[in-house]
Structure formats: C-alpha cells, structure tokens
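*Asks:* Could you have a look at this structure, given as structure tokens, before my questions?
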Amino acid sequence: MFIAKVTGSVVSTQKVSSMTGHKLLVVEPYRLEGEKRDLLVTTGRTFISVDTIGAGEGDFVLVVQGSSARLTPETKPLPIDACIIGIVDTVHIDKQSVYDRDK
Numbered sequence: 001m002f003i004a005k006v007t008g009s010v011v012s013t014q015k016v017s018s019m020t021g022h023k024l025l026v027v028e029p030y031r032l033e034g035e036k037r038d039l040l041v042t043t044g045r046t047f048i049s050v051d052t053i054g055a056g057e058g059d060f061v062l063v064v065q066g067s068s069a070r071l072t073p074e075t076k077p078l079p080i081d082a083c084i085i086g087i088v089d090t091v092h093i094d095k096q097s098v099y100d101r102d103k
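Take the sequence shown: its letters are residues 1 to 103, numbered as in UniProt numbering.
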C-alpha cells in the first residue's frame with residue numbers, strides 16, 4: 001500500500017466489458033522527504049488506478065497494487081493492478097504532521 005496524489009483521469013471507450021462503469025484515475029506516488037522527513041514529495045512515477053471510493057483530482061489517496069487490488073468486493077472480477085481504497089485525511093511521522101487534508 002502507498003500514498004499517491006490523484007493528478008488526472010483516463011477515459012477509455014473501448015475496453016473489456018467488466019471494466020465498464022469503473023472510474024480510472026491517474027495517481028502519482030508520494031514518499032517521505034529524505035532529510036527533514038517533514039513533507040511528502042513525489043516519486044516522479046504515475047499509475048492508472050481504479051477508483052472505488054469517489055476520489056478526485058488533488059486528493060491524496062491510499063493505493064494497493066497487484067493481487068491486493070482485486071481483494072475488494074468491487075474489484076474481485078476486474079483485470080486490474082492498482083486500486084484506490086481510501087482518501088487520506090492526515091499523515092503524521094515522528095509526532096509531526098506532514099500532511100493535513102484540511103490545511
């Protein structure tokens with residue numbers, strides 16, 4: 001599982017029938033900054049992820065990959081490799097806040 005920021009969406013009109021009706025979002029994984037460890041920074045990578053919870057652009061989300069992405073009731077029959085399973089409210093590291101959705 002990792003934290004990512006939703007940076008966009010994907011529209012695909014031609015796809016396998018089991019994927020019809022599923023929202024696809026572009027997510028960019030984030031990591032803890034190395035030296036000060038007081039903020040989240042991008043890894044520079046992107047993934048396409050199925051959204052199961054109604055996330056939107058700019059949200060920080062929890063993403064699972066691989067077989068874990070197919071363990072929710074909504075995604076079990078889908079041919080996917082990444083799934084958004086939560087929207088992040090806060091992140092605390094070493095007793096300090098490195099992300100707060102409300103700020």
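Yeah, the Cβ is synthetic: ideal placement off N, Cα and C, and Gly gets one too.
Between which two residues does the beta strand (DSSP E) carrying Gly44 extend?
*Replies:* Premise fails: Gly44 is in no beta strand (DSSP E) and is neither H nor E.
*Asks:* Could you tell me the alpha carbon to alpha carbon distance between Ile84 and Arg31, rounded to whole angstroms?
*Replies:* Near 17 Å, if we compare the C-alpha coordinates of Arg31 and Ile84.
*Asks:* Is Ser12 helix, strand or coil when you go by DSSP?
*Replies:* Reduced to three states, the DSSP call for Ser12 is coil.
*Asks:* Counting only the same chain and skipping the five closest in sequence on each side, list residues whose C-beta sits under 7 Å from that of Val61.
*Replies:* So the qualifying residues of the chain are Ala4, Val6, Val27, Ala55, Ile84, Gly86, Ile87 and Val88.
*Asks:* Pro79 and Val11: beta carbons closer than 8 Å?
*Replies:* No, Cβ-Cβ distance for Pro79 and Val11 is not below 8 Å.
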